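Undergrad: Protein chains in written order, with my numbering: chain S, 5 to 339; chain D, 5 to 339; chain W, 5 to 339; chain X, 5 to 339.
A single structure is presented below for examination.
There are 4 protein chains.
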Amino acid sequence: MAALFRGSRNLLQRCNKHVDLVLVSSRSMASKTPVGFIGLGNMGSPMAKNLLKHGYPVIATDVFPESCKELQDEGAQILDSPAEVADKADRIITMLPSSPNVIEVYTGPNGILKKVKKGTLLIDSSTIDPSVSKEMALAAEKMGAVFMDAPVSGGVGAASLANLTFMVGGVEEEYTAAHELLTCMGANVVYCGQVGTGQAAKICNNMLLAIGMIGTAETMNLGIRLGLDPKLLAQILNMSSGRCWSSDSYNPVPGVMEGVPSGNNYQGGFGTTLMAKDLGLAQHTATNTKTPVPLGSLAHQIYRVMCARGYANKDFSSVFQFLREQEEEPEKKGD
Amino acid sequence: MAALFRGSRNLLQRCNKHVDLVLVSSRSMASKTPVGFIGLGNMGSPMAKNLLKHGYPVIATDVFPESCKELQDEGAQILDSPAEVADKADRIITMLPSSPNVIEVYTGPNGILKKVKKGTLLIDSSTIDPSVSKEMALAAEKMGAVFMDAPVSGGVGAASLANLTFMVGGVEEEYTAAHELLTCMGANVVYCGQVGTGQAAKICNNMLLAIGMIGTAETMNLGIRLGLDPKLLAQILNMSSGRCWSSDSYNPVPGVMEGVPSGNNYQGGFGTTLMAKDLGLAQHTATNTKTPVPLGSLAHQIYRVMCARGYANKDFSSVFQFLREQEEEPEKKGD
Amino acid sequence: MAALFRGSRNLLQRCNKHVDLVLVSSRSMASKTPVGFIGLGNMGSPMAKNLLKHGYPVIATDVFPESCKELQDEGAQILDSPAEVADKADRIITMLPSSPNVIEVYTGPNGILKKVKKGTLLIDSSTIDPSVSKEMALAAEKMGAVFMDAPVSGGVGAASLANLTFMVGGVEEEYTAAHELLTCMGANVVYCGQVGTGQAAKICNNMLLAIGMIGTAETMNLGIRLGLDPKLLAQILNMSSGRCWSSDSYNPVPGVMEGVPSGNNYQGGFGTTLMAKDLGLAQHTATNTKTPVPLGSLAHQIYRVMCARGYANKDFSSVFQFLREQEEEPEKKGD
Amino acid sequence: MAALFRGSRNLLQRCNKHVDLVLVSSRSMASKTPVGFIGLGNMGSPMAKNLLKHGYPVIATDVFPESCKELQDEGAQILDSPAEVADKADRIITMLPSSPNVIEVYTGPNGILKKVKKGTLLIDSSTIDPSVSKEMALAAEKMGAVFMDAPVSGGVGAASLANLTFMVGGVEEEYTAAHELLTCMGANVVYCGQVGTGQAAKICNNMLLAIGMIGTAETMNLGIRLGLDPKLLAQILNMSSGRCWSSDSYNPVPGVMEGVPSGNNYQGGFGTTLMAKDLGLAQHTATNTKTPVPLGSLAHQIYRVMCARGYANKDFSSVFQFLREQEEEPEKKGD
C-alpha cells in the first residue's frame, strides 16, 4: 500500500530492484489493465473466467485449442504463446500441471521470459516443487520481473465459485498487487513468506488432507462393519476429536452428505492422479529436508496403488470404495 | 424400591424383558437415588465428582485406597467391593482400564453380578473390545439387569469440566435413564445402537484422532523445515481442507496454541500408552471384521514404538516431539 | 530318546503325569499302530497320504465327504467324528483352518477330548493363536492326554513332497514320539520349546515371509520400471544382500523362475486369504505383547486389501500383479 | 574382448565415437597404467588400496587431507583436485557420498571434465540418482570420454576384503575395460544395461535389503517376546521361507551370530544415515516412475526417524535396538 505513495523523484536514487517495485506499483494503480493467463485447464479456465467477470481484460494462451476457444467465447483475447502474452500484459497468472510445464512456459524457447517486460508481476498458481519456484524467481529477477508462487486449495468447484484459497510466497511488497488479482478468484488469500513458501503451505495442506481422507475412509468402513449407521457415525466423529474436513465437508461414504463426489459415483472433484502427484511432491520435499513423514508417505503409496488399479480419474475420496469389499463375490473377478 | 410403584395388574401381561424395562423406568423416575461408581482413576474420579455436584449420592469403590479417600472427602460413601456397591445402588457406572478389569469387576468373585438387583442399570464407560461389552450384557441379562456400553471421548480436562462425549450402546428404552446420568458428566450424549456400538464409535473416533494427530505433527514438522512459521501454517491448515481437531484444537507444536499439552511439555492430557491401547483395540476389531486399515495400523505402530522409547506417559500429541530431530547433534547420544 | 529306555517298573512310582509319559513311550515303541488324522484339506490330505505311504494305518475324518472319499481310496479308514477317531487311535494329528475349528474339534460335543484315551499324543498342525494352543494343552492334560502344537511351513507343494518344516512346541519328552510321525511328512522337524512356541515360530516365519514377498514384488517392479531385465535383476538380488527366499525360490515375476505360481497365473500355492489370516495372528500376538511391528502390520494391511480386490484365492506372490499397472487403462490417467 | 583384436588402422575410418573406443581399447591393453581414484572415504580408501595391491599405480585426491595421507602411505600419488587427476590418468574411479558431490567432482570448476583426456574411462561407484548418472554420461561424452555407473553392494567389510558386488551400467563395449579394474576390488561384477541401470540395480537391492533387515528385526523381537530363544528362531527362519540375508548373514540380534555389528554394539558396518539416503533415492525413482513401493516407503521413514533419534551413526541393523523396549523406564508405562 505504501507503494502508492512513492514519489518518482525518490526512486531514482534507489537500485534496480526498487525501480522494479515502482513499476509494479504503477502497475497495480493502473487497475483493469489486461491480465495474462497461461494454462486454461480444469482449474485455469474458471479462474480466468472469474477475472473476466471482475472486468479485467484477459489475454490468454493454452496448448489445447478447445480450452482457448472456450475462453475466447467468454471474451478473452487468445494469443499463440506465453512469450506473446508476456509481450502484451504486465501481470500474468500461470496455472500448469507440473514443474516441467512451468519450466517450459517460463524459460522455454517461446516462454514468458523471452519477452517479459521489466516490472511484470508473474504469479504462478501451479502446484510444483518449491525449489523450482525459487529457480523461476531467480530467472525472472534477472529479467527485471517479479515472480510469486501462489498455489491454490479448493478444487474445481471452488475455482468456479471463486472460493479458492491462495497461498502466496514472494517479496512482501508485491503481495498487495497479487492480492488484488487473486481476490477475484478466491475467498482466502494468505501471505506465507518468501518465494516457495506458498508451495510449502499447499503441499503441507494436501498431505494432511490426504491423510485425513484415507483415515476417514478407513474409519467409516470399520464403523459400518461394526454395525454403526454411517450417517450417525459421521455425526459422532464431527462432534468429537475425530473431526476433520474430510468427514464433515467431503465425506467419502455415499449417502452421508449431499453435493460431494461420493454421492455422484466419485465423478468430478479432485482426481486421484492429482492427489498422488501432490503427495509425490510432499515426499520429495520431505526427503530433501530429512523430515520423517510416515503417514504422508503411506498415503502417497495408497493413492499410487489406486492410480494403477482403475481409480486414476475418480475423485480422491474414492479411496473409500477402494478399501471396501467388492460387491461381487466369491468367484473374485481377476484384476 | 421401584416395586412399590408397580401396578401388578398391568405387568402380568408383559414378558420378562418388559418387566425389566418397567423396573428401569421407575428407577429413572426416582431421581437422586444413590448412584454406584466403580473405578476412580484419572477419568472416573472427576466423573464421580460431577455426579456429586449434581446432587446424586455416590456409592463408590476402587482398588486404590487413595482414590477412594479423595472421593470420600467429596462426599461419596466408600464400600469394599463391586458386589457391595451393587447391593446398595440400582444404577452403577464403571470406568476401568481394560477388558480384563471389566470382566473381573462384573463377573469376578466379588463382582457386580454377584449381588446385583433385578432391574439395575449398568453403564460401563471403559473403552474395551465391543465383544466383551456384548458378553457382559448377556451375563447381566441373565441376572435381570441391563448393561449399556457408554465409552467417552474428551480426556481428563473434559472429564473435570463435564464436557465429555458419551457414545452409548444398548437397548433403546434404557437410553433415557442413562442419558439422565450421563448429562451430569458430559456435554454430548449420543445413542449409537445396540450394545457394543458405543465402543465401536469410540474406537473409530480414536483411530481417526490418532491418524489426524500424527498427520498434523508430520505436516507441521515438514512445513517448519520448509520455512513456514508454525502459527501461520496452522492458520492456513485450519482455514483449508487440511483442517482437523488436532490442528485447530490441540495443536502439537509448542507455541501455536495455549492451554494444550504441547505448551506444557506434553504433560497431562491423553497419554501415549492409552492411545496405543485404543489403537490396539481398533486393530483387533478391524482384523476380526477383515477391514483394511492401513493408516490406522501404522498409527498404532508409531504409538507403540513411542511407548518403547520414553513417551509412554506423555500426551499423545508428543508425537511431534518424537518425529523432530533431536536438539543435540552431531555425536548422537545412543539410546 | 531317553523315553525308549524307560523301564515301566520305575514309572509306576511316578505321578499321573509320568504315567501318561509311559503310555506315550509305549505308544511310540509300538510303531505302525493306527494314526488318527482330522482335517483333510489342501494340506491335510497330502500329509495323511504320506503317513499311509510310510506304512501307518490312518483313521481319518473331515467335514467334507469328498475329502474323506479321496483318502479312503488311498487306504484310510473313515469315521464320523473326531470323538470316534480318538476312540480308535492313540496318536492323532489335526490340520484345521483356524482357532474356532481347533476348539470345536478338540472340545466340542463330538470332539477329541470326549473320548480320548489316557496317554494319547495329540499333535495339532493348524496355525492358530498360541494362547489357544495353550488352552487345548491344558484341556488335554485334564483328560490325561498330551497336546503339542506343530504348525507347518512350506505350502501345498511341500506337503505333497513330504518336504514340510514342522515347528513343534510341547513337553520335551514327547518330542521323540512326535518326531517319528512328523518325519514322514516333513524334511525338517524342529523343537521350539514349550506349548505355543511352535505357533510362535510359524507366525514369525510367515510374517517375515510376507514382508520379503511384498518387498521382492516392489523391488522387481521398480527395477523393471527403471529399465532392468527381470531375470538379471533377480540374479543380482540373489547374489547380493537383498537375497531372500521370495526372490530366489518363489519369485513373483512371471518368467523369472519355473515351477512357481507366478508362472502359472498365480494358481495354487499359498493363498492370499491364508496369508492375511496368518498376518492377522501375527498382529494379534504383537499387540498382546506390545511389540512394534510396522512392516508386518503394513504387510497385513496390503494382503487384506488384496483379499477385498479379487486376489483372495490367488497365490500370495500375486502381490506383484496387484502392484503393477493395469494393462488395460479405460480412462487414461492424466499426468 | 573383441576390443583386443581391433587394429588401429581400421579404426581411423570410424566416427568419433569409435575413435574413443579405440583409445579405450588401447587403454585396456596398456595394463597397470595409473588409475585415478577420487573419494577416499570409508569405502573408497580400501577400494583404492586393493587397486594398489593388484599392482596398479594410483593417482588420488580427496577433500580430507587425512584420507589422502593414509593412501599416500600405501603408495598412492596424491594430487590436489579431480582435474589434475584427470590430467594424469586415463582411467578414473570415483567414490563419493551423493549426487551433488558427483556433479561437483565431474563438472565443477576443478572437476574431471575440465581436463579429461579423450577416451578416458570414467567409472563412478557412488550411489546416486540414475538420472544424474545419465547427465554425467552425456557431459562426459561431449568431452570424448566414457562414463559408466558402477555402484557397489557389500559394505566396508567387503570393501576391505575385495568382496564387493559391482553393478555396472554403460555402453557394453566398455564393460571389459571396467571389469578388469573392478575385479581387483570385488568378487562379483555384473553388467546391468545402459547407463543408469547400475544405479537402478543397487537402489533396488538396498531397498529390499532394508525391508529384509527391518522385517528380521521385527520378527526376532516378536519371537523373543513370545518365548522363543533367538538363536533357535534364527535357525528356524534360515531353514524356512522366512530366510533372507539379514537373518542368515547379518542378524541384528546380539549373540545370534558372530562377526556382525549386532555383536559389537552396532559399530561399523553400514550406517543408518547411508541407508536412509539410499532409501530416499529409491523413493525418488519410484515416485518419478509412478511405482508403488509401500514397504520400501515405510522402511525409508523408519530409518529417517532413527536418524533423528540417535541412531544416525550406528549400523543399520540397530533397527532391532530401536524397536526394542528400553531397558530403563524412568516412568513406568501404565497398562
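Idealized CB from N, CA, C, for every residue including glycine.
Note that the coordinates shown come from a computational prediction; the quantities given were computed from them, not determined experimentally.
Looking at the strands, I want to know which residues DSSP matches up with residue 248 (chain W).
TA: In the third sequence, the residue the question calls residue 248 (chain W) occupies position 244. Its beta-bridge partners are X:248.
Undergrad: Please return the same chain residues whose Cβ sits closer than 7 angstroms to the Cβ of residue 52 (chain D), not counting the five positions on each side in sequence.
TA: In the second sequence, counting from the first residue as 1, residue 52 (chain D) sits at position 48. Excluding sequence neighbours, residue 52 (chain D) sits near 41, 44, 62, 64, 75 and 80.
Undergrad: So which of S:136, S:122 and S:57 has the shortest CA-CA distance to residue 105 (chain S)?
TA: Translated into the one-based positions of the first sequence, residue 105 (chain S) becomes position 101. The option with the nearest alpha carbon to residue 105 (chain S) is S:136.
Undergrad: What does residue 193 (chain S) pair with, by DSSP beta-bridge criteria?
TA: Numbered from 1 along the first sequence, position 189 holds the residue referred to as residue 193 (chain S). Answer is S:170, bridged to residue 193 (chain S).
Undergrad: Residue 223 (chain X) versus chain W: which residues are under 7 angstroms apart at the beta carbon?
TA: As a working mapping, residue 223 (chain X) is identified with position 219 in the fourth sequence. Under the 7 angstroms cutoff, chain W gives 208, 211 and 212.
Undergrad: Who are the near neighbours of residue 21 (chain X) in its chain, counting only those whose CB is closer than 7 angstroms to its CB and skipping five residues on each side?
TA: For this step, residue 21 (chain X) is matched to residue 17 along the fourth sequence. Residue placement at residue 21 (chain X) is poorly supported in this model, since its pLDDT is 47, which falls under 50; the coordinates still yield a value, given next. Closer than 7 angstroms at the Cβ level, and outside the excluded window around residue 21 (chain X), lies no residue.
Undergrad: Going by DSSP in three states, residue 135 (chain D) sits in which element: helix, strand or coil?
TA: For this step, residue 135 (chain D) is matched to residue 131 along the second sequence. Helix.
Undergrad: Please state if the CB of residue 229 (chain S) and the CB of residue 293 (chain D) are separated by a distance shorter than 8 angstroms.
TA: On the second sequence, position 289 is the one that residue 293 (chain D) refers to. On the first sequence, position 225 is the one that residue 229 (chain S) refers to. Going by C-beta atoms, residue 293 (chain D) is nearer than 8 angstroms to residue 229 (chain S).
Undergrad: Using only the alpha-carbon positions, how far apart do residue 193 (chain W) and residue 241 (chain X) sit?
TA: Your numbering for residue 193 (chain W) matches position 189 in the third sequence. Your numbering for residue 241 (chain X) matches position 237 in the fourth sequence. Distance between the alpha carbons of residue 193 (chain W) and residue 241 (chain X): 13 angstroms.
Undergrad: Does the Cβ-Cβ distance between residue 224 (chain X) and residue 237 (chain X) come in under 8 angstroms?
TA: As a position in the fourth sequence, residue 224 (chain X) is number 220, starting the count at 1. As a position in the fourth sequence, residue 237 (chain X) is number 233, starting the count at 1. Contact flag set, yes.
Undergrad: Assign residue 322 (chain S) to one of two classes, buried (16 or more other C-beta atoms within 10 Å of its C-beta) or exposed (fewer than that).
TA: The sequence position of residue 322 (chain S) within the first sequence is 318, counting from 1. A residue is called buried once 16 or more other Cβ atoms fall within 10 Å of its Cβ, and residue 322 (chain S) is buried on that count.
Undergrad: Starting from residue 152 (chain D), trace the beta strand (DSSP E) both ways and give me its first and last residue.
TA: As a position in the second sequence, residue 152 (chain D) is number 148, starting the count at 1. First-last of the beta strand (DSSP E) with residue 152 (chain D): 150 to 153.
Undergrad: Listed from N- to C-terminal order along the chain, which residues in the stretch 287 to 300 of chain S have their beta-carbon within a distance smaller than 7 angstroms of any beta-carbon of chain X?
TA: 287, 288, 291, 294, 296, 297 and 298
Undergrad: For residue 111 (chain W), collect the residues of the same chain with a Cβ closer than 8 angstroms to its Cβ; drop the 5 residues on either side in sequence, then sort them by chain order.
TA: Working through the third sequence from its first residue, we reach residue 111 (chain W) at position 107. Counting only Cβ-Cβ distances below 8 angstroms, and skipping sequence neighbours, we find 117, 140 and 143.
Undergrad: Can you look up residue 271 (chain D) in the DSSP assignment and give me helix, strand or coil?
TA: On the second sequence, residue 271 (chain D) is found 267 positions in, with the first residue counted as 1. Here residue 271 (chain D) sits in coil by DSSP.
Undergrad: I'd like the span of the alpha helix (DSSP H) that includes residue 282 (chain D), first residue to last.
TA: Sequence index remark: in the second sequence, residue 282 (chain D) carries index 278 (1-based). From DSSP, the alpha helix (DSSP H) with residue 282 (chain D) extends over 276 to 292.
Undergrad: Mapping DSSP to helix, strand and coil, what is residue 219 (chain W)?
TA: For the purposes of this step, residue 219 (chain W) is taken as the residue at position 215 of the third sequence. Reduced to three states, the DSSP call for residue 219 (chain W) is helix.
Undergrad: Would a check of beta-carbon distances place residue 329 (chain D) closer than 8 angstroms to chain X?
TA: Sequence index remark: in the second sequence, residue 329 (chain D) carries index 325 (1-based). Interface residue, yes.
Undergrad: In the DSSP output, what is residue 115 (chain W) paired with across the bridge?
TA: Residue numbering aside, residue 115 (chain W) sits at position 111 when the third sequence is read from its first letter. None, per the DSSP bridge assignment.
Undergrad: Does DSSP put residue 295 (chain S) in a helix, a strand or coil?
TA: Here residue 295 (chain S) refers to the residue found at position 291 when the first sequence is read from its first residue. DSSP places residue 295 (chain S) in coil when its eight states are reduced to three.
Undergrad: Examine the Cβ distances between the stretch 168 to 185 of chain X and the stretch 198 to 210 of chain X and report whether three or more of them are shorter than 8 angstroms.
TA: yes
Undergrad: Flag residue 201 (chain S) as yes if its beta-carbon sits less than 8 angstroms from any beta-carbon of chain A, otherwise no.
TA: Judged by its chain identifiers, the structure shown contains no chain A, and its protein chains are S, D, W and X.
Undergrad: Please go through the same chain and pick out, in chain order, the residues whose beta-carbon is closer than 6 angstroms to the beta-carbon of residue 54 (chain S), but skip the five residues on each side of it.
TA: By one-based count along the first sequence, residue 54 (chain S) stands at place 50. Excluding sequence neighbours, residue 54 (chain S) sits near 166, 188 and 189.
Undergrad: For residue 41 (chain W), report the span of its beta strand (DSSP E) as first-last.
TA: On the third sequence, residue 41 (chain W) is found 37 positions in, with the first residue counted as 1. Start and end: 39 to 42.
Undergrad: What three-state label does DSSP hand residue 319 (chain D) in the structure shown?
TA: For the purposes of this step, residue 319 (chain D) is identified with residue 315 of the second sequence, where counting begins at 1. The answer is strand: DSSP assigns residue 319 (chain D) an E or B state.
Undergrad: Return the bridge partner residues of residue 96 (chain X) from the DSSP annotation.
TA: As a working mapping, residue 96 (chain X) is identified with position 92 in the fourth sequence. Answer is X:40 and X:126.
Undergrad: Could you tell me whether the Cβ atoms of residue 401 (chain S) and residue 227 (chain D) are closer together than 8 angstroms?
TA: The structure shown does not extend to residue 401 (chain S), since chain S is modelled only from 5 through 339, so no value can be given for it.
Undergrad: Excluding the 5 residues preceding and the 5 following residue 210 (chain S) in the sequence, name in chain order all residues of the same chain whose CB lies nearer than 6 angstroms to its CB.
TA: As a first step, residue 210 (chain S) must be located in the first sequence, where it is residue number 206. Closer than 6 angstroms at the Cβ level, and outside the excluded window around residue 210 (chain S), lie 282.
Undergrad: Give me the Cα-Cα distance between residue 270 (chain S) and residue 259 (chain S), rounded to the nearest whole angstrom.
TA: Residue numbering aside, residue 270 (chain S) sits at position 266 when the first sequence is read from its first letter. Residue numbering aside, residue 259 (chain S) sits at position 255 when the first sequence is read from its first letter. Cα-Cα distance, rounded: 12 angstroms.
Undergrad: Of all the CB atoms in chain D, is at least one closer than 8 angstroms to the CB of residue 325 (chain S)?
TA: Taking the first residue of the first sequence as 1, we reach residue 325 (chain S) at position 321. No, because no Cβ of chain D sits closer than 8 angstroms to the Cβ of residue 325 (chain S).
Undergrad: Go ahead and pull the three-state DSSP assignment for residue 65 (chain W).
TA: Mapped onto the third sequence, residue 65 (chain W) falls at position 61. Per DSSP, reduced to three states, the secondary structure at residue 65 (chain W) is strand.
Undergrad: Return yes when at least one heavy atom of the ligand ATP lies under 7 angstroms from the C-beta of residue 94 (chain S), else no.
TA: Of ligands this structure carries none, so the ligand ATP is not represented either.
Undergrad: Please confirm whether residue 261 (chain D) and residue 255 (chain D) have their CB atoms less than 8 angstroms apart.
TA: One-based indexing of the second sequence puts residue 261 (chain D) at position 257. One-based indexing of the second sequence puts residue 255 (chain D) at position 251. Yes; because the gap between Cβ atoms is below 8 angstroms, this pair is in contact.
Undergrad: Taking only the alpha-carbon atoms, compute the straight-line gap between residue 147 (chain W) and residue 307 (chain D) and give it to the nearest angstrom.
TA: Within the third sequence, residue 147 (chain W) is the residue found at index 143, counting from 1. Within the second sequence, residue 307 (chain D) is the residue found at index 303, counting from 1. If you take the alpha carbons of residue 147 (chain W) and residue 307 (chain D), they lie about 44 angstroms apart.
Undergrad: Go ahead and label residue 302 (chain D) buried or exposed: buried means 16 or more other beta carbons lie within 10 angstroms of its beta carbon, across all protein chains shown.
TA: As a position in the second sequence, residue 302 (chain D) is number 298, starting the count at 1. Result: buried.
Undergrad: Looking only at its chain, what residues have a beta carbon closer than 8 angstroms to the beta carbon of residue 274 (chain W), apart from the 5 residues adjacent to it on each side?
TA: Position 270 of the third sequence, counted from the first residue, corresponds to residue 274 (chain W). Excluding residues within five positions, the ones whose Cβ falls inside 8 angstroms are 159, 160, 319 and 320.
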